[in-house]
Amino acid sequence: MDASTIIAKRIALELRDGMLVNLGIGIPTLVANYVPPGIHVFFQSENGLIGTGPIPEEAMTQPRLTDAGGRPVSAIPGACTFDSAMSFGLIRGGHVDMTVLGGLQVDEYGMLANWMIPGRMVPGMGGAMDLVTGAKRVVVAMQHAAKGQSKIVPRCTLPLTSTRRVDLIVTELAVIAPTAHGLELRETAPGVGIDQVLAATEARLEVPDAVPAMAIG
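See below:
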């Protein structure tokens, strides 16, 4: 199982029946493929769609049906489209139960940096700032390291997305919860030891006496 699949499957276990959930671009979009049986959720894309389904096969894509990053999505029966004003009204009004976003860095304070790297051209912050501030729950889906450098750091060196602490971090190695006292290791991926997580993490991690393995099937 590759890193993206591990992350998406674990985050799918955070879904609860009836939730309105926003999925960011990249790894977060894969979460829609692993909704647990018996759970019915409404996925929102901030470009104006509620009712996104699994990523379609290439032959089944529709050029006018995309996520916020312009990538093809499917729509389930009953899906609805609307303009950006309505979409961001839902987000800023606190109506999104959970957002799943990618990350460049998360620090010991639970602060997220995910919208730009200084010196590189970016199209803008998209809905990230609104989502981290407005969603009821913020889950970060990202690989633990990039180019050999930990993405979980003592203090973010990249521009912050928001000054709100995120609620959960899921990587291919671990599930980590930011708390008022710092980052706490909650779960390790199957076959991954605590020492391996600590070695790959630049930030300080609190390790409880018992750390279960992710239950991702």
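So in our numbering, the last one in the sequence shown is 221, and the numbering has no gaps at all. Every residue gets a Cβ at the ideal spot worked out from N, C-alpha and C, and that includes glycine.
Within its chain, find whatever has a CB closer than 8 angstroms to the CB of A149; leave out the 5 residues flanking it on each side and keep chain order.
K155, A204
Could you check where the alpha helix (DSSP H) with R14 kicks off and where it finishes?
In this chain, the alpha helix (DSSP H) harbouring R14 covers 7 to 16.
If you measure between the beta carbons of N37 and S88, is that distance less than 8 angstroms?
no
Does L172 pass the burial test, meaning 16 or more other C-beta atoms within 10 Å, or should it be called exposed?
buried
Counted within 10 angstroms of its Cβ, other Cβ atoms place Q153 as buried (16 or more) or exposed
exposed
In whole angstroms, what is the alpha-carbon distance linking D111 and D6?
25 angstroms
In this structure, what does DSSP give as the bridge partners for L116?
V110
Nearest-angstrom Cα separation, counted from V201 out to P60
34 angstroms
In the DSSP assignment, the alpha helix (DSSP H) including A72 goes from what residue to what residue?
From DSSP, A72 is part of no alpha helix (DSSP H); its letter is neither H nor E.
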